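S.K.: Structure provided below as C-alpha cells; questions to follow.
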Amino acid sequence: MAWQLEGTYFENCNCNMICPCSTSGLTEPATRDRCNVMLAFHVDRGDVNGVDVSGLNVAVVADTPALMSDGGWRMGLLMDSAASQEQADALGAVFGGKLGGPMEGLGPLVGEMLGMESRAITYANDGREHSVQIDDAINVKVEDFVSPLDATGAGVKVSGVGFPADTLAAGHATASTVNIFGLSWDNTGKNSFSAPFAWSA
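According to my numbering, the sequence shown is numbered sequentially starting from 32.
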C-alpha cells in the first residue's frame, strides 16, 4: 500500500513575519504566547492506496504552545465536502498521520484532536496570492512578499525548512479569520508561507 499527493499549500499563523517556528524546525518559540495556525492544501494530483483524491482540498487548524515542540497541540481537520466518503477517509488518514509521511511526524505533538468535519472549501492560488474560504468558519487570504529592493520580483524565499516543503515563500495575511472547533482568531497582517508540496509514503 502506498500513497502520494502533489499540489499547493499555504499557511497563516499569528507570528510576525517571518515565523520562527517553521524556520527553526519547531525549536524556537513563536512571537506570541500561543501559536494559532491554519494550513490549507489543494491536491492537484493524488492517490491514496488506490483512491483518487485529485482536485480536493484539506485544511488543518491548530492551537499550540509558543514552543511547538513542547507538544500538547489542539488540532482539527477540515475535509472538502466535494469528497466522497472514501476520499475523505483516505485524506483523513494521510492528514491524521495514520499512513506515514510528514503528518505522522507531528502526531506525538498532538495532545487533543478537536475533530474532523466535512465543509465546503474554496481554494484559490494565482502564484502570489492564495486564499481559502471554508463556509462561514474560515476566511484567509495571504500574499507572498516581494521586497521593493528586489528587481527580479521573485519574492522572499526561505529554504531548508523541510515541512511541509523544503522552500517556502514568505508573506503576510491580507485577511484572516478562523472560528471553528472552539478556536477563534484574527491573524490579519501576520505571517504566511506558501509552496508547492509533494508528499508520499
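Just so it is clear, CB atoms sit at the ideal spot from N, CA and C, and this is done for glycine as well.
The structure presented is a predicted model; accordingly, all values stated were derived computationally and were not measured.
#1: Considering only DSSP beta bridges, list what Q35 is partnered with.
#2: By Cβ distance below 7 Å, which residues in the same chain neighbour P139 in space, the five residues on each side in sequence not counted?
#3: Kindly indicate the opening and closing residues of the beta strand (DSSP E) around E160.
#4: Would DSSP call T219 helix, strand or coil?
#5: Which whole-angstrom value is the C-beta distance of A93 and D64, which I expect to be below 8 Å?
#6: Excluding the 5 residues flanking S100 on each side, which residues of the same chain have their C-beta closer than 8 Å to its C-beta?
#7: According to DSSP, simplified to helix, strand and coil, what is M89?
#8: Which residues in the same chain as E42 place their Cβ atom closer than 7 Å to its Cβ, once the five residues preceding and following it in sequence are excluded?
#9: V125 lies in the alpha helix (DSSP H); which residues open and close that run?
#10: Using only alpha-carbon positions, find the residue among S112, M106, T183 that is nearest to S215.
#11: Candidates K188, S162, G186, A185: which alpha carbon is nearest T219's?
#12: Between the stretch 187-194 and the stretch 75-89, do at least 3 Cβ pairs fall closer than 8 Å?
#13: Let me make sure I understand the geometry here. Which of W34, T183, C50 has the alpha-carbon closest to that of V82?
#14: Quick check on the burial criterion: 16 or more other C-beta atoms within 10 angstroms. Buried or exposed for D157?
#15: Could you pull the start and end residues of the beta strand (DSSP E) that S207 belongs to?
#16: Applying the criterion that 16 or more other CB atoms from any shown protein chain within 10 Å of the CB defines a buried residue, is N45 buried or exposed?
M.R.: Looking at the coordinates:
#1: D78, S231
#2: G102
#3: 160-165
#4: coil
#5: Not really, about 15 Å apart at Cβ, beyond 8 Å.
#6: L57, T58, L140
#7: It is Val, not Met, that sits at residue 89 in the sequence shown. Note: V89 maps to strand in three-state DSSP.
#8: V68, M69, L70, S223, F224
#9: 116-126
#10: M106
#11: S162
#12: no
#13: W34
#14: exposed
#15: 199-211
#16: buried
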